[in-house]
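S.K.: What the sequence shown shows, in my numbering, is residues 239 to 582, in sequence order. Ideal placement from N, C-alpha and C gives every residue a C-beta, glycine not left out. Note that the coordinates shown come from a computational prediction; the quantities given were computed from them, not determined experimentally.
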Amino acid sequence: MRYIAFKPAIPDSMIQNSLDSSDLRRVVATYPFRISGYYAGLIRYQDDPIWRQCIPDVRELDDGQHPDPLAETALSPVPKLIHRYPDRVVVLVSNRCPVYCRFCMRKRHVGREDTPLSLPEFEQILAYIAARPAIRDVILSGGDPLMLDDGSLRYLLTRLRAISHVGVIRLGTRIPVTLPERVTPELCGILRQFHPLYINTHFNHPAEMTTASAEACRLLADAGIPLGNQTVLLRGVNDTVETMRELMTGLLQLRVRPYYIHQMDLVKGTGHFRTPLSTGLEIMKGLRGHVSGLAVPYYVIDLPDGKGKVPVLPDAAEREGDMWTLTTYQGERVRYRDLTALPG
239 MRYIAFKPAI PDSMIQNSLD SSDLRRVVAT YPFRISGYYA GLIRYQDDPI
289 WRQCIPDVRE LDDGQHPDPL AETALSPVPK LIHRYPDRVV VLVSNRCPVY
339 CRFCMRKRHV GREDTPLSLP EFEQILAYIA ARPAIRDVIL SGGDPLMLDD
389 GSLRYLLTRL RAISHVGVIR LGTRIPVTLP ERVTPELCGI LRQFHPLYIN
439 THFNHPAEMT TASAEACRLL ADAGIPLGNQ TVLLRGVNDT VETMRELMTG
489 LLQLRVRPYY IHQMDLVKGT GHFRTPLSTG LEIMKGLRGH VSGLAVPYYV
539 IDLPDGKGKV PVLPDAAERE GDMWTLTTYQ GERVRYRDLT ALPG
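(1) Rank Leu355, Gln303, Asn438 and Asp375 by C-alpha distance to the C-alpha of Pro535 and give the top, closest one.
(2) Quick check: is the beta carbon of Gln303 nearer than 8 Å to any beta carbon in chain D?
(3) Please report the distance separating the alpha-carbon of Pro581 from that of Tyr574.
(4) Measuring alpha carbon to alpha carbon, tell me which of His443, Val265 and Leu429 ends up nearest Gln291.
(5) Pick out whichever of Arg408, Met447 and His403 has its Cα sitting closest to the Cα of Thr416.
(6) What are the residues that DSSP puts in a beta bridge with Leu471?
(7) Below 6 Å CB to CB, which residues in the same chain sit around Pro270 once its five sequence neighbours on both sides are set aside?
(8) With DSSP as the reference, label Gly410 as helix, strand or coil.
(9) For Asp387, which residues of its own chain have a beta-carbon under 7 Å away from its beta-carbon, when the five flanking residues on both sides are left out?
(10) From Val316 to Leu465, what distance separates their C-alpha atoms?
(11) Nearest-angstrom Cα distance between Asp306 and Thr513?
(12) Is Ala579 helix, strand or coil by DSSP?
(13) Return the Cβ separation of Arg430 and Gly462 in integer angstroms, given the expectation that the two are a contact with Cβ distance under 8 Å.
(14) What would DSSP say about Gly349, mapped onto helix, strand or coil?
(15) From the DSSP output, which residues share a beta bridge with Val585?
(16) Determine contact between the segment 389-404 and the segment 244-264, defined as no fewer than three beta-carbon pairs at a distance below 8 Å.
(17) Quick one: using the 10 Å Cβ neighbour count with 16 as the cut-off for buried, is Tyr283 buried or exposed?
(18) Measure how close the beta-carbons of Ser379 and Leu313 come, nearest whole angstrom, since I'm counting them as under 8 Å.
(19) Which residue or residues does DSSP assign as beta-bridge partners of Ile499?
(20) I need the boundaries of the beta strand (DSSP E) containing Gly546, first residue and last residue.
(21) Alpha carbon to alpha carbon, what distance is there between Ile281 and Leu572?
(22) Span of the beta strand (DSSP E) holding Asp388?
(23) Give every residue of the same chain whose Cβ lies closer than 6 Å to the Cβ of Thr517, excluding the five residues on either side of it in the sequence, and list them in chain order.
(24) Please name the residue in Pro336, Gly381, Lys547 and Val404 whose C-alpha comes closest to that of Lys245.
(25) Closest to Leu541 by C-alpha separation, out of Gly559, Thr578, Asp560 and Gln501, would be which residue?
(26) Between the alpha carbons of Tyr393 and Ser356, how many angstroms are there, rounded?
(27) The alpha helix (DSSP H) that contains Ser516, what's its start and end?
(28) Out of Ile407, Val266, Ile428 and Leu519, which one is the CA nearest neighbour of Asp576?
(29) Taking C-beta to C-beta, are Arg297 and His433 nearer than 8 Å?
(30) Quick check: Ala454 and Pro414, are their CB atoms within less than 8 Å of each other?
(31) Take His321 and list the residues in its own chain whose beta-carbon comes closer than 7 Å to its own, dropping the five residues that flank it on each side.
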């Protein structure tokens with residue numbers, strides 16, 4: 239497998255000045271920093287919603303959470319494959335992104351050991367999937383799978399499509415948001431050969447919906463690819479009803495269906511982004527009835543220890559102080575402590 243040719247942006251003086259401290263050099267040594275020239279160009283001022291998502295923050299080092307709260311390592315029977323639910327698997331085909339988001343759920347390894355999935359690793363993954371007919375849904379993730387070049391993507395998809403019981407292939411990618419020029423007619427011509435193929439992308443703020451990102455989404459949608467969006471609820475970025483209304487309705491104009499609003503995972507180095515669950519519930523109340531039903535996503539928590547995603551609804555969760563009781567897809571009732579960082 240090979241990556242596309244890509245040169246990260248050289249930070250301008252505003253960004254460089256913010257990084258020029260011993261504390262932030264320690265952050266970058268722990269959690270790598272990378273930003274595309276396109277995404278850097280969306281920053282309008284220091285600490286704006288784009289800045290907060292991509293520029294290192296010393297608070298990343300002041301966090302007692304777990305690097306792998308979703309137990310992905312424990313749920314990985316073969317390298318670079320995660321098997322949490324009976325009928326689907328996640329395949330980590332890339333360890334690289336155009337932008338290393340500071341809230342990344344996999345910040346424990348994204349940007350480290352910067353090599354794509356190897357052929358021996360892929361053969362082991364294919365054998366695992368082929369031996370389990372219950373697996374019908376394969377999700378390509380990473381890192382970002384669209385950081386692989388066109389030939390590598392064609393090869394991956396061809397081999398997966400050769401497994402008869404694989405019904406659906408999904409790609410989880412932030413490329414339309416962070417490097418929209420990667421979405422070309424040639425790439426879309428490859429992807430359209432492997433339907434049913436779905437893409438979930440990751441817009442977090444209305445400022446990310448640009449002419450370039452709209453064109454990337456248009457090319458993908460015109461190739462017959464259904465597009466969904468998974469937003470992460472982030473303190474200081476999108477944690478107001480007004481911002482989420484603008485984002486969700488704007489996504490429909492891009493032919494992207496809002497799918498999830500994720501409660502921030504309990505990932506080490508991300509606590510300063512976390513909001514209380516009450517914030518997410520207020521946002522959901524502010525969406526329902528005020529925007530088209532098409533623009534109302536699920537608000538979900540990915541429970542620790544690999545117990546899976548659960549939707550959070552105003553009338554479907556029990557609360558006692560900072561403890562919530564939620565029910566998994568298997569009917570298990572799980573107590574979840576609503577940990578939030580103090581406002582920074």
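M.R.: Straight from the coordinates:
(1) One-based indexing of the sequence shown puts residue 535 at position 297. Considering only alpha carbons, the answer is Asn438.
(2) Absent from the structure is chain D; it holds one protein chain and no more.
(3) Position 343 of the sequence shown, counting from 1, holds the residue named residue 581. Position 336 of the sequence shown, counting from 1, holds the residue named residue 574. Note on Pro581: pLDDT 46, under 50, position unreliable in the model; the coordinate value appears next. Those two C-alpha atoms are separated by around 21 Å.
(4) For this step, residue 291 is matched to residue 53 along the sequence shown. In this structure, His443 is the residue among His443, Val265 and Leu429 with its C-alpha nearest to the C-alpha of Gln291.
(5) Translated into the one-based positions of the sequence shown, residue 416 becomes position 178. When the alpha-carbon of Thr416 is set against those of Arg408, Met447 and His403, the nearest one is in Met447.
(6) Residue 471 sits at position 233 when you count from the first residue of the sequence shown. None; Leu471 has no bridge partner.
(7) Taking the sequence shown and counting its residues from 1, one reaches residue 270 at position 32. Tyr338 and Gly349.
(8) By one-based count along the sequence shown, residue 410 stands at place 172. In this structure, Gly410 counts as strand in the three-state DSSP scheme.
(9) To locate residue 387, count along the sequence shown from 1; it is residue 149. Leaving aside the five residues that flank Asp387 on each side, the residues in its chain whose CB is nearer than 7 Å to its CB run, in chain order, Arg240, Tyr241 and Ile242.
(10) For the purposes of this step, residue 316 is taken as the residue at position 78 of the sequence shown. For the purposes of this step, residue 465 is taken as the residue at position 227 of the sequence shown. Using only the alpha carbons, I get a separation of about 29 Å.
(11) Here the question's residue 306 lines up with position 68 in the sequence shown. Here the question's residue 513 lines up with position 275 in the sequence shown. Asp306 and Thr513: Cα-Cα distance of roughly 19 Å.
(12) As a working note, residue 579 is residue 341 in the sequence shown. Residue confidence is low: Ala579 scores 45 on pLDDT, short of 50, so the model does not pin down where it sits. Its coordinate-derived value is still stated next. The three-state secondary structure of Ala579, taken from DSSP, is coil.
(13) Translated into positions along the sequence shown, residue 430 becomes position 192. Translated into positions along the sequence shown, residue 462 becomes position 224. About 6 Å separates the CB atoms of Arg430 and Gly462; that is less than 8 Å, so the two are in contact.
(14) For the purposes of this step, residue 349 is taken as the residue at position 111 of the sequence shown. The answer is coil: DSSP assigns Gly349 none of H, G, I, E or B.
(15) Here the chain has residues from 239 to 582 only, and residue 585 is not among them.
(16) In this structure the segment 389-404 does not lie against the segment 244-264, because fewer than three pairs of beta carbons, one per stretch, are closer than 8 Å.
(17) Taking the sequence shown and counting its residues from 1, the one referred to as residue 283 is at position 45. Exposed, because fewer than 16 other Cβ atoms sit within 10 Å of the Cβ of Tyr283.
(18) Position 141 of the sequence shown, counted from the first residue, corresponds to residue 379. Position 75 of the sequence shown, counted from the first residue, corresponds to residue 313. That pair is no contact at about 13 Å.
(19) As a working note, residue 499 is residue 261 in the sequence shown. Its beta-bridge partners are Thr469 and Tyr537.
(20) Indexing the sequence shown from 1 puts residue 546 at position 308. Residues Gly546 to Pro549.
(21) Position 334 of the sequence shown, counting from 1, holds the residue named residue 572. Position 43 of the sequence shown, counting from 1, holds the residue named residue 281. Correcting the residue identity first, residue 572 is Val in this sequence and not Leu. Approximately 40 Å, taken between the alpha carbons.
(22) As a working mapping, residue 388 is identified with position 150 in the sequence shown. Looking at the DSSP string, Asp388 is not in any beta strand (DSSP E); the run it does join, the alpha helix (DSSP H), is Asp388 to Arg399.
(23) Along the sequence shown, read from residue 1 onward, the residue named residue 517 stands at position 279. Close CB contacts of Thr517 within its chain, under the 6 Å cut and outside five residues either way in sequence, are with Asp477 (chain order).
(24) In the sequence shown, residue 245 corresponds to position 7, counting from 1. Ranking Pro336, Gly381, Lys547 and Val404 by Cα distance to Lys245 puts Pro336 first.
(25) By one-based count along the sequence shown, residue 541 stands at place 303. Distances from the alpha-carbon of Leu541 to those of Gly559, Thr578, Asp560 and Gln501 put Gln501 closest.
(26) Here the question's residue 393 lines up with position 155 in the sequence shown. Here the question's residue 356 lines up with position 118 in the sequence shown. Those two C-alpha atoms are separated by around 12 Å.
(27) As a working mapping, residue 516 is identified with position 278 in the sequence shown. In the DSSP assignment, Ser516 falls within the alpha helix (DSSP H) that extends over Leu515 to Leu525.
(28) What you label residue 576 is simply residue 338 of the sequence shown in a count that begins at 1. Selected option, being the one with the closest Cα: Leu519.
(29) The count along the sequence shown starts at 1 and reaches residue 297 at position 59. The count along the sequence shown starts at 1 and reaches residue 433 at position 195. Not a contact, by the Cβ cut-off of 8 Å.
(30) Taking the first residue of the sequence shown as position 1, residue 454 is located at position 216. Taking the first residue of the sequence shown as position 1, residue 414 is located at position 176. Between Ala454 and Pro414, the gap from beta carbon to beta carbon is short of 8 Å.
(31) As a first step, residue 321 must be located in the sequence shown, where it is residue number 83. Only Leu313, Pro315 and Val327 meet the Cβ criterion.
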